[in-house]
Each structure stands twice: as C-alpha cells, then as structure tokens.
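What follows is a set of notes on a single structure, which appears directly below.
Residue numbers (my numbering): 525 to 846.
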C-alpha cells in the first residue's frame, strides 16, 4: 500500500518492511565498500566476513570497533536518504518550520537525519541486549557511527535578490558524501581508546587508567565520537582462515609517491611486505594502446599503436629466510 506525503509516495504495510530491509542491506553494503576503501593499504583489508562474524565476548578489537561504527553509519546514511525521498513510512523529508529569528528561510525537503538516527538506534542497538563489556562497547561504537553521519550534514543555501545581492537565502540540509564519513571514522580508528575489562569496565588511555565504571552503565568518561575496543589487534601478517584473515601474502602494494598520495599508500610496500617478512615482487605487464592520434580532414582519426608497460607490486606468498 502506498500513500502520498508531500511530493513523494510513502509505503505502508509489508512494502514498508521491505523498503526498510532494503535500506538496511544497502547501508551495510555501502559500509563494506567504504571500509575496504579506507583499509586498502592496511594489513587488515576489511574482509566482508568482518560484517558477518560477531566478535566473541570481550574480544572486540580496534578493527571490530571500526566495523561497528561504519555499519551504523552506513545504515543511518541510507535510511536518511530514503527518508528524504519518501520511500519509508516511519519518516519523511523534514519540512519547513517557520522561524522569524533565522537569517535564512528554510525551503523544500531536508535530509531527515533525526528520524534516521532514531530508527538506526532502534534497529542496531536492540541487538545488544546485554550490559556486559562487549554490549557497552558495541552500543558506544554504534553511536559514534551515527554521530559521524550527523556531523556530515551540511547547510546548503541559494541566494535570491536583485543582481545577486543575496537579500534572501533559501537553505536546506543535505548529507555530505559518505566518503567523508569514512575518513572521519578512520581518524577515530587511529585514536581509538582501549578499555580494560575485569568485573567492571575502566578506560585506559596510554598508561593512565580512569576509575572503573559501574556495571550496566554507559561509558561517560569517553567522548561519544571516539571508538573504543577491548582487545589488542592480532598479527594480521599471518593467515587465520577461521577469522577470515588472508594475511599479506599476494597483497598488492604501491610505490606511488607525490603530493596527494595518502601516507598509508606510500608506505604500503614496507608495511604489508617487508615488515611482515615478505619480499616485494615486481611484475611488468605489457599492453598495446593507441597513441599519437591525429584528426584528418575529413573525417577520421589516425593513431599509432604503442606498447605501454604497467608495473605492479605484490607481497611474496612465502616469507624471507632469516
């Protein structure tokens, strides 16, 4: 069943449940792609299994924390987008609200982040029924992911007035690119805080330990934007088929340098290969391409055929002998 809301058509009944399920699946897929993009040059390449395997109790690593956050962010992002398009019954685009104190006028259809935050919280956080350390950490990282989407929302304005004087502004809220959310969460991954778990939960930052938390509480001493984890990361140089880690053997690395190339990419051959005891293997592939093309009147393009060598770098499958 569909009904019209504003300029869009919203779904109800079974179609609404299907639309929500599709939004969740699309959000998780968006998170997987972004995670693999952010970790392309890292020893842990964000395998798809990271989104299907539930961490064992008290074994939430820094990478698990990122997965929890980026998954919550991806679902929030797609639900926000589909809310503003009127595809979901429990939310819609945020409409105008008159406010004479504002220097700008709201207009049109906002990206309804508030409704999406509430829906995602209900969908993901209810899975963490326990109040043990793992449950608290998961809830905290889910919130950090949702906040990442909220912070990516931007006010977009259009000026109206004589000769572009901008006497009146029409403004609306729009989501930024999800890549910006991924980058922000990757920065939080680098700054993630390790929590010490015994019978209670205490925060450790470097060597400093905060007072233990009362059982069943949230984590008030930690900035809600920061990611938290319980267990140090394992050695991702090694293969662990059970956990879905492929090791670094056969992984591509890069020797591309220059301005604008991420540090992880510039250092990838050292980090993925040499520091894992593997050699950097060089492969040269020759391909033919069109070159020296010229336009001849009338009317054809004449090109030469040139050979181009493509150089790629991979980590050896076997380790170097000591």
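Think of the CB as a built atom: it goes at the ideal place given N, C-alpha and C, for glycine as much as any other residue.
Going along the chain, which residues of its own chain have a beta-carbon closer than 6 Å to the beta-carbon of residue i, five neighbours each way excluded?
{"i": "residue 735", "result": "Low confidence applies to residue 735: its pLDDT is 43, below 50, so where it sits in the model is not reliable, and the reading given next is rough at best. Contacts found: none."}
{"i": "residue 709", "result": "593, 594, 672"}
{"i": "residue 637", "result": "604, 674, 677"}
{"i": "residue 809", "result": "834"}
{"i": "residue 814", "result": "827"}
{"i": "residue 778", "result": "789, 792"}
{"i": "residue 625", "result": "Any reading at residue 625 must be qualified, since the residue scores a pLDDT of 40, below 50, and its modelled position is unreliable; the value itself is stated next. Excluding residues within five positions, none has a Cβ falling inside 6 Å."}
{"i": "residue 579", "result": "588"}
{"i": "residue 822", "result": "none"}
Could you check which residue in the options has the C-alpha nearest to that of residue i?
{"i": "residue 645", "options": "670, 793, 656", "result": "670"}
{"i": "residue 698", "options": "600, 680, 592, 639", "result": "680"}
{"i": "residue 720", "options": "702, 759, 657", "result": "657"}
{"i": "residue 759", "options": "605, 586, 838", "result": "586"}
{"i": "residue 828", "options": "667, 639, 700, 817", "result": "817"}
{"i": "residue 795", "options": "781, 761, 677, 809", "result": "761"}
{"i": "residue 840", "options": "776, 785, 783, 788", "result": "776"}
{"i": "residue 747", "options": "700, 665, 785, 787", "result": "665"}
{"i": "residue 611", "options": "556, 544, 578", "result": "544"}
{"i": "residue 565", "options": "686, 786, 701, 716", "result": "786"}
{"i": "residue 714", "options": "756, 745, 686, 685", "result": "756"}
Checking the sheet assignment: what are the DSSP bridge partners for residue i?
{"i": "residue 777", "result": "837"}
{"i": "residue 824", "result": "820"}
{"i": "residue 808", "result": "835"}
{"i": "residue 829", "result": "814"}
{"i": "residue 770", "result": "763"}
{"i": "residue 699", "result": "677"}
{"i": "residue 794", "result": "Looking at the DSSP assignment, residue 794 forms no beta bridge with any residue, so it has no partner."}
{"i": "residue 707", "result": "None; residue 707 has no bridge partner."}
{"i": "residue 802", "result": "843"}
{"i": "residue 752", "result": "717"}
How many Å lie between residue i and residue j at the Cα?
{"i": "residue 718", "j": "residue 769", "result": "22 Å"}
{"i": "residue 798", "j": "residue 662", "result": "34 Å"}
{"i": "residue 771", "j": "residue 754", "result": "22 Å"}
{"i": "residue 705", "j": "residue 766", "result": "30 Å"}
{"i": "residue 712", "j": "residue 615", "result": "30 Å"}
{"i": "residue 750", "j": "residue 599", "result": "19 Å"}
{"i": "residue 832", "j": "residue 547", "result": "44 Å"}
{"i": "residue 649", "j": "residue 642", "result": "10 Å"}
{"i": "residue 820", "j": "residue 811", "result": "26 Å"}
{"i": "residue 583", "j": "residue 837", "result": "34 Å"}
{"i": "residue 803", "j": "residue 789", "result": "17 Å"}
{"i": "residue 588", "j": "residue 542", "result": "28 Å"}
{"i": "residue 843", "j": "residue 651", "result": "42 Å"}
{"i": "residue 550", "j": "residue 609", "result": "15 Å"}
{"i": "residue 647", "j": "residue 556", "result": "18 Å"}
{"i": "residue 701", "j": "residue 607", "result": "17 Å"}
{"i": "residue 801", "j": "residue 764", "result": "17 Å"}
{"i": "residue 613", "j": "residue 716", "result": "36 Å"}
{"i": "residue 640", "j": "residue 601", "result": "8 Å"}
{"i": "residue 554", "j": "residue 572", "result": "12 Å"}
{"i": "residue 659", "j": "residue 668", "result": "14 Å"}
{"i": "residue 806", "j": "residue 707", "result": "30 Å"}
{"i": "residue 783", "j": "residue 752", "result": "32 Å"}
{"i": "residue 830", "j": "residue 567", "result": "37 Å"}
Can you give me the Cβ contacts of residue i inside the same chain, cut-off strictly under 8 Å, excluding the 5 residues immediately before and after it?
{"i": "residue 703", "result": "558, 561"}
{"i": "residue 825", "result": "817, 818, 819"}
{"i": "residue 781", "result": "790"}
{"i": "residue 577", "result": "767, 768"}
Could you name the residues of the same chain whose beta carbon sits closer than 7 Å to that of residue i, not counting the 5 residues immediately before and after it, in chain order?
{"i": "residue 683", "result": "690, 693"}
{"i": "residue 552", "result": "575, 595, 598, 599"}
{"i": "residue 563", "result": "569, 570"}
{"i": "residue 774", "result": "838, 839, 841"}
{"i": "residue 591", "result": "559, 574, 575"}
{"i": "residue 685", "result": "691, 692"}
Would residue i count as contacting chain D if we go by Cβ distances under 8 Å?
{"i": "residue 672", "result": "Here chain D cannot be found, since the structure has a single protein chain."}
Checklist entry - Going along the chain, which unbroken runs of the beta strand (DSSP E) with 3 or more residues stay wholly within the region 532-597? => result 532-535
Checklist entry - Taking the runs of the alpha helix (DSSP H) that are 4 residues or longer, which of them lie wholly in the region 661-695? => result none
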